[in-house]
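As numbered in our numbering, the sequence shown has no gaps in its residue numbers, which increase by one up to the final residue, 766. Report on the structure given below.
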Amino acid sequence: MQSPQWENSSCSVFFNSTICNQGSVPILAVNATLQLVNRYNLRLVIKTTGHDFLDRSTANGALLLWLRHKKNLTFINNMLSCMGENIFSVIRIGAGVQWGKVYKWLAQYNLIAIGGAANLFWALRGGGAGTFAVVLSVTLRTYPSPSMISSNHFLNPPNNTRYASFVHHFVRLLPILADSGWAGYFYLTMKTFTLAFFLPNGDNDITNTTINQLINNFTQPAYYSFPKFIDFFVTVMESSSPTGSNVILGSRLIPETAIRNQPNQVADTFLQLKDENGPLLIGHLVVGGKVSDTTQNNSINSAWGTALLHMIYARSWNDGTSTEDQEKLAKLDTEKVEILQTIAGGSQSGSYINEADPNEKDWQ
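This is the structure in structure tokens:
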């Protein structure tokens, strides 16, 4: 205590009989917490507001550092880069802020945030959760809000032959979609295929010459245009963000070379991973493009730089499922991820650390 009169005299060193209480001092002291953890060799888990499929934010008897209340947002209109140049606007985001709130808050300035702070990027990206530091806030550069084109389709082919034909066409089209600026997600079950793609600052000509090549042969095109990103987010993305399910998953980053040079093998692998027991194969067209067009050095898994897809194999179960049955599903999940490995680039393959199989063999 440096100023007892301002700190409510809550812990006097002169009266041993006095019981210390919080007083008018900050509750959050992260450095003191970490010193305590190191001194007594305690297990520490860090939790914010997101999901952790690997169960790292849960540990019986551990000390929990919960950052969900750090929800401060600060807009800085003019900021110099660390090199003293490139004046731009930024937003400082507390560790507990959810991205939906960031998008809505920046919408009042007609901006979005999509980048990172260079001075911590190397250490934090790919370094693993909690292994380098506790992130209390991050400062991100902002950009003018783009317009958005959204393409959403649900297909239920009448037979397996028609389904396989669509998947083969789709895989061959993926590099063209990526080169045209499209990104998004697709979902394969035993009988259905769901496509949710979007194009920032797109135009109808690009739309008609890319996705229509695929969709016109199987279903009617369905596109939606939004003048601002926030309109797209609230309408398309925010309404479909469930959480709290029982799920185990594993993933692989699929190289662009495999998709361009071996599309039939990739498509056959996707088809092999759907079966009658309710799994979900989830594809993410979120790499390639600008992600691979960089020579900057950082600690992120190098497989991100050569990948075009991030693929997840997931299984879920209802509450009340026995531990034995859960373990069977987990074992099957690991076996199916090994099938994904056959198209993942051999020894140069990789997995997304936050959506990996917790039972991965020989993980690194």
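A virtual CB, placed ideally from N, CA and C, is assigned to each residue, including glycine. Quick caveat: nothing in here was measured; it's all calculated off a predicted structure.
Sub-9 angstroms separation of residue i and residue j beta-carbons
i	j	result
Leu542	Val492	yes
Ala669	Arg574	yes
Leu616	His686	no
Leu465	Val432	no
Lys449	Ile632	no
Thr451	Gln500	yes
Ala497	Ser539	yes
Asn756	Phe568	no
Tyr511	Thr476	no
Tyr626	Asn554	yes
Ile578	Thr609	no
Gly583	Gly691	yes
Leu683	Leu590	yes
Ile514	Pro546	yes
Ala434	Arg445	no
Glu740	Ser753	no
Lys630	Leu675	no
Segment limits, alpha helix (DSSP H) that includes residue i
i	result
Ser567	562 to 581
Tyr505	501 to 509
Ala434	432 to 442
Asn614	613 to 617
Run of the beta strand (DSSP E) containing residue i, from where it starts to where it stops
i	result
Thr544	539 to 546
Ile632	Run containing Ile632: none in the beta strand (DSSP E); it sits in the alpha helix (DSSP H), 631 to 634.
Ile551	550 to 557
Pro585	Reading the sequence as shown, one finds Ala at residue 585 and not Pro. Here the beta strand (DSSP E) through Ala585 covers 585 to 590.
His686	682 to 687
Trp468	465 to 468
Met481	475 to 481
Ala515	513 to 515
Phe455	Note, Phe455: premise wrong, no beta strand (DSSP E); not H, not E.
Ile493	490 to 496
Thr596	595 to 602
Phe628	625 to 628
Leu446	446 to 449
For residue i, the nearest candidate out of the options (CA to CA)
i	options	result
Arg470	Phe628, Arg441, Val537	Val537
Asn720	Val649, Ile478, Leu682	Val649
Gln750	Asn761, Asn703, Gly652, Thr637	Asn703
Trp767	Val447, Arg441, Ala434	Past the edges of the chain, shown from 403 to 766, lies residue 767, and the structure says nothing about it.
Ser718	Ala434, Gly652, Asn610, Met639	Gly652
Met592	Asp727, Ala705, Ile514, Phe672	Phe672
Lys473	Gly502, Met481, Ala461	Gly502
Pro681	Asn606, Ser641, Thr594, Lys630	Thr594
Asn551	Asn606, Leu444, Asn614, Ala580	Per the sequence shown, the amino acid found at residue 551 is Ile instead of Asn. Minimum Cα distance to Ile551 is reached at Asn606.
Phe634	Asn614, Ala434, Gly604	Gly604
Asp457	Asp759, Ala624, Asp764	Asp759
Gln664	Thr744, Phe588, Asn614	Thr744
Ala624	Tyr565, Phe490, Ala461, Phe556	Phe556
Ile660	Val689, Thr723, Ala746, Asp695	A small correction: the amino acid at residue 660 is Ala; Ile does not occupy that position in the sequence shown. Comparing Cα positions, the closest option is Ala746.
Ala566	Asp581, Phe620, Ala580, Val689	Phe620
Thr723	Ser647, Ser459, Gly748, Gln766	Ser647
Ala509	Glu729, Trp706, Val636, Asp764	Val636
Gln667	Val638, Asp727, Val688, Leu742	Leu742
Glu640	Ile495, Arg494, Val689, Val504	Val504
Requested in this report: Taking 8 angstroms as the threshold, find out whether the region 651 to 658 comes into contact with the region 710 to 728 through three or more Cβ pairs.
Outcome: yes
Query raised in the report: Which runs of the beta strand (DSSP E), 3 residues or longer, sit entirely within the region 708 to 733?
Result: 709 to 719
Requested in this report: Please confirm if the region 729 to 738 is in contact with the region 588 to 602, defined as three or more CB-CB distances below 8 angstroms between the two stretches.
Outcome: no
Query - Those runs of the beta strand (DSSP E) which lie wholly inside the region 644 to 671 and span at least 3 residues - result: 648 to 657
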